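Some notes on the structure that comes next.
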Amino acid sequence: MEIIEDFRVAGLPNSLYVQYMTEVDACIKDATPEALRITKCYEPFKTAFDTLNKVYKQQMKNNLTNSLIEKDKERDDRYRCLYGHAKADLCNGDPDIRQSAQRVVNKMESYGDVIRASRRSQSADMTDMGEALSTEPLSADIEKMGQTANLNQMIAANNAYIELNRERSEGKKSIVVNATKNAREELDDKYRIVVSAINAQVMMNAYVDEKT
5 MEIIEDFRVA GLPNSLYVQY MTEVDACIKD ATPEALRITK CYEPFKTAFD
55 TLNKVYKQQM KNNLTNSLIE KDKERDDRYR CLYGHAKADL CNGDPDIRQS
105 AQRVVNKMES YGDVIRASRR SQSADMTDMG EALSTEPLSA DIEKMGQTAN
155 LNQMIAANNA YIELNRERSE GKKSIVVNAT KNAREELDDK YRIVVSAINA
205 QVMMNAYVDE KT
């Protein structure tokens, strides 16, 4: 064994810190705690490492704000696409398509300004709208206009937003404030003990007389 050089881990961002500790754990397992003679201090290290992994993954699961914004933008775009095509068909040369477009536009406009509504209201409105436009008699109008694919994309985008928002909300219920920070502090202590135990053995083997 060789002396483990001092390496400050406090300044590492969480992602690099977890990666570093993962590599430390892998090295210990490769050499085995028994061979390193650190079984007593490895168990507390492993427990603290497992705790950090758990809370860090929970934290990452809740880091969905940007993804949620993208999902919201996607469903807005899909709504605008469907509405834009319906409005355009109000001027279609086929009178039957014009009538279908008018019914679809009337239904969509009955929800008010969906895009400017709160996200919760938008989710409910677009869910109800999607169901209405997918059901007779409006589904026949959508099909006549050739907008079935655009309607399905709007419904799918809204459902994707709702599902991600639900996942984020559920995660927030169980997250503990400063859990990752506390887990890091606990692991820091256990890591230093492991390093000290290994370095002490190296120093002893190098400088202490063997028993006679």
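Residue 5 is where the sequence shown starts when you use this note's numbering, and the numbers rise one by one after that.
All C-beta atoms, glycine included, are put in the ideal place defined by N, C-alpha and C.
Because the structure is a prediction, the values reported are computed rather than measured.
Once DSSP output is grouped into helix, strand and coil, what is the label at residue i?
| i | result |
| --- | --- |
| D213 | coil |
| E140 | coil |
| N182 | coil |
| R170 | helix |
| Q205 | helix |
| Y42 | Going by the sequence as given, residue 42 is Ile instead of Tyr. Note: I42 maps to coil in three-state DSSP. |
| L16 | coil |
| T55 | helix |
| Q151 | coil |
| T36 | coil |
Going along the chain, which residues of its own chain have a beta-carbon closer than 6 Å to the beta-carbon of residue i, five neighbours each way excluded?
| i | result |
| --- | --- |
| S104 | D145, K148 and M149 |
| S114 | none |
| A201 | I42 and C45 |
| Q126 | V118 |
| A52 | E190, L191 and K194 |
In angstroms with no decimal places, state the Cα-to-Cα distance between residue i and residue j.
| i | j | result |
| --- | --- | --- |
| D213 | M207 | 11 Å |
| L72 | N96 | 36 Å |
| V199 | K61 | 26 Å |
| L40 | A30 | 13 Å |
| R82 | N110 | 18 Å |
| V108 | Y87 | 8 Å |
| A136 | Q151 | 14 Å |
| Q157 | G134 | 10 Å |
| A161 | K75 | 7 Å |
| D80 | I119 | 6 Å |
| Y165 | I32 | 43 Å |
| N186 | T26 | 18 Å |
| S122 | E78 | 16 Å |
| R196 | R12 | 10 Å |
| I159 | N169 | 15 Å |
| E140 | E171 | 32 Å |
Quick one: what's got a C-beta closer than 8 Å to residue i's C-beta in the same chain, skipping five residues either side?
| i | result |
| --- | --- |
| A210 | none |
| V222 | Examination of residue 222 is not possible in this model, given that the chain is present from 5 through 216 alone. |
| N18 | Y60, Q63, T184 and R188 |
| N154 | R82, C85, L86 and H89 |
| N70 | none |
Ordered along the chain, which non-local residues of its own chain (more than five positions away) have a Cβ less than 7 Å from that of residue i?
| i | result |
| --- | --- |
| L142 | R107, V108, K111 and A136 |
Let me know the alpha helix (DSSP H) ranges lying completely inside the segment 70-133, each 4 residues or longer, listed in chain order. Runs found: 99-113.
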